[in-house]
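Down below is the structure, laid out as structure tokens.
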Amino acid sequence: MTKDLTQLEILTELEPVAEQNLNRHLSIAKDWHPHDYVPWDEGRNFAAMGGQDWEPEQSKLNEVAKAAMITNLLTEDNLPSYHRLIAENFSQHGAWGTWVGRWTAEENRHGIVLRDYLVVTRGIDPVALEQARMIHMTRGVPSPEDWGGFLVNVAYVTFQELATRVSHRNTGKVCNDAIADRMLQRVAADENLHMIFYRNLCAAGLDLVPDQAMAAITMILTNFIMPGFGMPNFRRNGVLMAKHGIYDLRQHLEEVVQPVLKKWNVFDRNDFGPRGEQARQQLAEFLQKLEKDVLKFEEQRDRLLAREAARGIMQPV
Ligand SMILES: [Fe+2]
Ligand SMILES: [Fe+2]
């Protein structure tokens with residue numbers, strides 16, 4: 000049996016790939032400015048400055064759009080906690096260090112632009128938002144003890160970046176506002192580039208240490224935690240988002256999990272030892288179950304929506 004590579008050995012071996020992908024990222028990432036995406040002429044003072052405080056009628060967003068915006072923004076707000084995860088599990092030197100800094104700076108833009116938009120347009124209650132931010136950031140992101148190491152974390156962020164891309168993109172569609180849609184398309188495009196960096200690095204990890212990487216991927220997917228987990232009203236908002244196609248189980252399976260696994264060629268590789276084979280088998284069984292869960296979820300959702308329609312509850316989108 001071959002010996003596992005240590006964290007340091009993996010990072011050292013993969014540094015040239017990190018450098019290549021960092022350069023690729025820098026050559027295609029578009030510089031953009033949050034202020035260009037916010038309708039400042041809609042802004043006005045709040046009561047502390049002689050204006051009016053937020054009232055629910057001021058928001059033009061429907062309930063689904065509000066739930067999705069809050070969830071997406073609080074996730075972006077939690078950047079220090081994600082930064083910690085990445086900084087602790089990737090190297091802070093060389094191309095690794097440059098990536099960690101650059102990625103953090105790009106992510107910070109997302110929280111800036113979303114908050115500016117929501118406060119200026121009065122889309123959501125800024126006081127409730129601030130209270131939720133304090134709670135969510137104080138808790139940080141859940142990081143179970145066995146989530147340490149480069150492979151586990153690079154696998155997690157690959158799926159997480161793609162999940163946030165889907166979520167931002169679909170949130171833009173339900174806002175009924177061309178400005179919000181354009182802003183969220185911009186953010187989603189960033190998330191896609193981030194995903195590609197992590198996906199390529201995880202692919203290189205699979206080639207370098209197939210068994211270790213496969214075990215990490217299976218561990219992450221079978222224990223996947225959505226970024227918003229633990230935030231105030233996560234369940235309520237998560238259900239609303241799933242019910243209305245912002246991020247549901249089928250999207251998770253078909254738009255996030257499957258395309259990445261296909262790119263990594265997970266089910267057609269022949270470089271696994273017994274441990275990798277076992278992890279791949281476990282993942283295959285998990286995915287079969289997930290497919291069944293998708294159907295179950297959709298039946299429940301359709302019944303629920305039909306019941307709501309029969310009771311005359313307006314669908315918010
Ligand atoms: Fe982001
Ligand atoms: Fe991102």
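Residue numbers (numbering that gives the first Met the number 0): 0 to 316. From the three backbone atoms N, C-alpha and C, an ideal C-beta is built for every residue, glycine too. Bear in mind that the values here come from a model prediction, so they are computed numbers and not experimental data.
**OP:** Decide yes or no for the touch test of the segment 183-193 against the segment 279-299: beta carbon pairs closer than 8 Å, at least 3 of them.
**Re:** no
Original post:
Do three or more CB pairs link the segment 80-94 to the segment 57-68 at distances below 8 Å?
Top reply: no
Original post:
Any heavy atom of ligand 2 closer than 7 Å to the Cβ of ASP176?
Top reply: no
**OP:** In the DSSP assignment, find the alpha helix (DSSP H) that holds VAL265 and state where it starts and stops.
**Re:** That residue, VAL265, is in no alpha helix (DSSP H); it is neither H nor E in DSSP.
Original post:
What's the call for LYS2, buried or exposed, on a 16-neighbour Cβ count within 10 Å?
Top reply: exposed
Subject >> Continuous alpha helix (DSSP H) assignments of at least 4 residues falling wholly in the segment 244-298 >> reply: 257-262
Original post:
Curious, which full-length alpha helix (DSSP H) runs of at least 4 residues does the segment 118-167 contain?
Top reply: 125-138
Original post:
Can at least three beta-carbon pairs, one atom from the segment 38-46 and one from the segment 119-132, be found at a separation below 8 Å?
Top reply: yes
**OP:** Provide the residue span of the alpha helix (DSSP H) that contains THR5, from first to last.
**Re:** THR5 -> no alpha helix (DSSP H), and no H or E assigned at all.
**OP:** Indicate whether MET318 and THR170 have their beta-carbon atoms separated by less than 8 Å.
**Re:** Limits of the chain in this structure are 0 at one end and 316 at the other, which puts residue 318 out of reach.
Original post:
In its own chain, which residues sit with a C-beta less than 8 Å from the C-beta of ALA305, not counting the 5 before and 5 after it?
Top reply: none
Original post:
For VAL367, which residues from the same chain have a beta carbon less than 6 Å from its beta carbon, with the 5 sequence-adjacent residues on both sides left out?
Top reply: With the chain running from 0 to 316 in the structure shown, residue 367 is simply not present.
Original post:
Which same chain residues, not among the five before or five after ILE111, have their C-beta less than 7 Å away from its C-beta?
Top reply: PRO33
Subject >> Candidates MET213, LEU239, PHE271 and PRO209, of which the one nearest ARG300 by Cα >> reply: LEU239
Original post:
When every heavy atom of ligand 2 is checked, does at least one fall within less than 7 Å of the C-beta of ASP189?
Top reply: yes
**OP:** Leaving aside the five residues before and after ALA215 along the sequence, list all residues of the same chain whose C-beta is less than 6 Å from its C-beta, in chain order.
**Re:** LEU150, VAL151 and ALA154
Subject >> Buried versus exposed, by CB contacts within 10 Å (16 or more), GLY275 >> reply: buried
Subject >> Integer-rounded CB distance, given that ASN199 should sit under 8 Å from ASN20 >> reply: 5 Å
Subject >> Supposed contact pair THR163 and THR221 - C-beta distance, whole angstroms, cut 8 Å >> reply: Incorrect: roughly 20 Å between the Cβ atoms, too far for contact.
Original post:
Hey, MET213 and TYR36 are a contact pair by Cβ (cut 8 Å); roughly how many whole angstroms apart?
Top reply: The Cβ separation is near 40 Å, so there is no contact.
Subject >> Reference PRO258; option with closest CA among LEU161, ILE219, ASN232 and TRP98 >> reply: LEU161
**OP:** Tell me whether GLU8 counts as near ligand 1, meaning its Cβ is closer than 7 Å to at least one heavy atom of that ligand.
**Re:** no
Subject >> Whether TRP53 touches PRO125 by CB criterion (8 Å) >> reply: yes
Original post:
If we ignore side chains and look at the alpha-carbon of each, how far apart do ALA131 and ASP267 end up?
Top reply: 44 Å
Subject >> Burial state of ASP30 (16 or more Cβ within 10 Å) >> reply: exposed
Original post:
Which residue from LEU10, PRO231 and HIS251 puts its Cα closest to that of ALA66?
Top reply: PRO231
**OP:** Would you mind reading off the limits of the alpha helix (DSSP H) that contains VAL238?
**Re:** 233-242
Original post:
What residue range is occupied by the uninterrupted alpha helix (DSSP H) comprising ASN44?
Top reply: Careful: ASN44 lies outside any alpha helix (DSSP H) and carries neither H nor E.
Original post:
With respect to the alpha helix (DSSP H) encompassing ASP76, which residues constitute its N-terminal and C-terminal limits?
Top reply: 62-76
**OP:** Measure the alpha-carbon distance for ARG279 versus ARG235 and round it to whole angstroms.
**Re:** 34 Å
Original post:
Apart from the five residues on each side of it in sequence, which residues of its chain come closer than 7 Å, Cβ to Cβ, to PHE228?
Top reply: PRO141
**OP:** Specify the secondary structure class of VAL112 as computed by DSSP and reduced to three states.
**Re:** helix
Subject >> N- and C-terminal bounds of the alpha helix (DSSP H) containing GLY204 >> reply: 177-207
**OP:** Using only alpha-carbon positions, find the residue among PHE271, PHE285, ASN269 and GLY272 that is nearest to LEU252.
**Re:** PHE285
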